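The structure appears below as structure tokens.
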């Protein structure tokens with residue numbers, strides 16, 4: 001059992017990658033993608049929650065799970081997702097609070 005799995009009791013209808021405060025449902029198999037954090041922890045997830053988790057963790061990466069191509073799609077989707085995107089009322093003023101795509105755009109406009 002990974003550190004992420006120990007921190008929360010998984011809901012039977014959601015994948016391990018679903019953050020407890022993220023209200024969204026899984027999309028597809030709950031083991032479509034494996035998300036690895038920078039400390040070696042792993043969490044299996046659907047594409048939807050894997051992308052949201054990947055967007056929220058610095059240094060995270062994805063590996064293939066049970067669905068061919070799902071890891072690549074989750075990686076691509078994570079690029080435009082803001083970290084902890086389920087906090088919809090949060091003011092986003094720091095560059096670390098923007099999606100990777102927004103951060104790239106902002107960085108390119110400064111130069």
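Numbering (full-length UniProt numbering), first residue to last: 1 to 111. Cβ atoms here follow ideal geometry from the backbone N, Cα and C, with glycine treated the same way. As the structure is a prediction and not an experimental result, all values here were calculated from the model.
Unbroken beta strand (DSSP E) stretches of 3 residues or longer found wholly inside the region 30 to 100: 33 to 36, 42 to 45 and 61 to 64, given in chain order. Here the C-alpha atom of residue 50 lies approximately 24 Å from the C-alpha atom of residue 105. Under the three-state reduction of DSSP, residue 108 is assigned to helix.
With fewer than 16 neighbouring CB atoms inside 10 Å of its own CB, residue 90 falls in the exposed class. If you ignore the 5 residues before and after residue 57, its C-beta comes within less than 6 Å of the C-beta of 37, all in its own chain and listed in chain order. Residue 85 and residue 52 do touch by the CB rule: their CB atoms are close to 6 Å apart, below 8 Å. A direct Cα-to-Cα measurement between residue 31 and residue 103 gives close to 29 Å.
The closest CA to that of residue 87, considering only 70, 19, 108 and 73, is found on 19. About 6 Å separates the CB atoms of residue 45 and residue 35; that is less than 8 Å, so the two are in contact.
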